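A.B. asks: The structure follows.
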Amino acid sequence: MDKTSRLYQDIEPELLITREQIAARVKELGAQITKDYEGRKLTCLSILKGSILFFADMIREIDLPLTIDFMQTSSYGEDTKSSGVVRILKDLDHSIARRDVLIIEDIIDSGLTLSYLKRVLADRGASSIKIVTLLDKPEGRRVELNAEYVGFEIPKAFVVGYGLDYAEVYRNLPDIGILKPCIYE
Ligand code: 5GP
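Take any residue in the sequence shown, count from 1 to its spot, add 3: that is its number in this note's numbering.
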C-alpha cells in the first residue's frame, strides 16, 4: 500500500515505525528466539486479532519445528483505553500441556490482558510461557508484567497499523502510526 493512500490521512504524518524497521526487527527477534528455543516443544500463540500480521511474519523468522494456535480476548471495543476486564472470546484448539508456549502479541499497555492470560495458560500445564511483543508502552503499565522479547518501546500514544486497529479499521496499514486525536475525540 502506497503512503499516499486514504488511510494515511488519519495518522500523524511522521510514521512511528516503518514497514522496513518492522521487518528488520522481526528478523532480529526471530534469530534470538530460534537460538533460545532450540530442541524444545514450541507452540506459538497468536492473540487475535491485533497480532495477526506480526504473528505471520514472526513465525516465518523462527527456524524451528513449531505448532500454532489462536486465542481471542475482548479488546477495547470502540474505546482507546483498557477497561481492565478481560474476556476469552475464542479459546485454544489444542492442549498446551508440556509445551513451551510463546505468546506473540502486538502491544502491551496496562499489562492486564497478558497477566490474566499467563495465569490461565499456566493452569493448563505449559512447561514454560514467554511473551514476544512487537510494541511495549511501559508508561501504561497497571500490573507488573514484562515481555521476554520486545520489538520497540513506544510512548503513551494510541497507535494503529500492522494489525492494530481503531474500531476495527486501519489493521491493513503496512506501517505503524499515531492515530490523529480528531479521529476518536
Ligand atoms: P493491555 O491489556 O496491555 O492494556 O492491552 C493490550 C491490548 O490493548 C492490545 O492487545 C491491543 O488490542 C490494545 N491496545 C493497547 N494499546 C493500543 C494502541 O495504542 N493501539 C491499539 N490499536 N490497540 C492498543
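C-beta: ideal position from N, C-alpha, C; glycine also. Please read these numbers as outputs of a predicted model, since none were measured by experiment.
#1: Leaving out five residues before and five after residue 4 in sequence, what residues of the same chain have Cβ atoms less than 6 Å from its Cβ?
#2: Can you name, in chain order, every residue of its own chain whose Cβ lies under 8 Å from the Cβ of residue 37, other than the five neighbours on each side?
#3: State the Cα-Cα distance for the pair residue 20 and residue 180, rounded to the nearest angstrom.
#4: Contact check, residue 132 vs residue 106 under 8 Å by CB: the rounded distance?
#5: I want to know whether the stretch 136 to 148 touches the stretch 89 to 97 - three or more CB-CB distances under 8 Å.
#6: Taking 7 Å as the cut-off, does the CB of residue 108 come closer than this to any heavy atom belonging to ligand 1?
#7: Kindly give me the distance between the Cβ atoms of residue 72 and residue 39, rounded to whole angstroms, as I take these residues to be in contact under 8 Å.
#8: How would you write the range of the beta strand (DSSP E) that residue 37 sits in, first residue to last?
#9: Tell me the DSSP secondary structure of residue 77 in three-state form.
#10: Quick one: complete alpha helix (DSSP H) runs, 4+ long, within the stretch 105 to 165?
#11: For residue 73, is the beta carbon positioned less than 7 Å from some heavy atom of ligand 1?
#12: Where residue 122 and residue 115 are concerned, what is the direct C-alpha to C-alpha distance, given to the nearest angstrom?
#13: Where does residue 187 land, buried or exposed, given buried means 16+ other C-beta within 10 angstroms?
C.D. replies: With the structure as the only source:
#1: Within the sequence shown, residue 4 is the residue found at index 1, counting from 1. 177, listed in sequence order.
#2: Numbered from 1 along the sequence shown, position 34 holds the residue referred to as residue 37. Taken in chain order, the residues that qualify are 64, 65, 66 and 67.
#3: Here residue 20 refers to the residue found at position 17 of the sequence shown. Here residue 180 refers to the residue found at position 177 of the sequence shown. Answer to the nearest angstrom: the Cα atoms are 7 Å apart.
#4: Start at 1 with the first residue of the sequence shown, and residue 132 comes out as number 129. Start at 1 with the first residue of the sequence shown, and residue 106 comes out as number 103. With 8 Å as the limit, residue 132 and residue 106 qualify as a contact, their Cβ atoms being about 7 Å apart.
#5: no
#6: Start at 1 with the first residue of the sequence shown, and residue 108 comes out as number 105. True, at least one ligand heavy atom lies under 7 Å from that Cβ.
#7: Here residue 72 is taken as the residue at index 69 of the sequence shown, counted from 1. Here residue 39 is taken as the residue at index 36 of the sequence shown, counted from 1. Rounded, the Cβ-Cβ distance is 20 Å, inconsistent with contact.
#8: Start at 1 with the first residue of the sequence shown, and residue 37 comes out as number 34. From DSSP, residue 37 is part of no beta strand (DSSP E) but of the alpha helix (DSSP H) over 22 to 39.
#9: Looking up residue 77 in the sequence shown gives position 74. DSSP places residue 77 in coil when its eight states are reduced to three.
#10: 115 to 125
#11: Taking the sequence shown and counting its residues from 1, the one referred to as residue 73 is at position 70. Not so, every heavy atom of ligand 1 lies at least 7 Å from the Cβ.
#12: Taking the first residue of the sequence shown as 1, we reach residue 122 at position 119. Taking the first residue of the sequence shown as 1, we reach residue 115 at position 112. When rounded, the distance between both Cα atoms is 11 Å.
#13: As a working note, residue 187 is residue 184 in the sequence shown. It counts as exposed.
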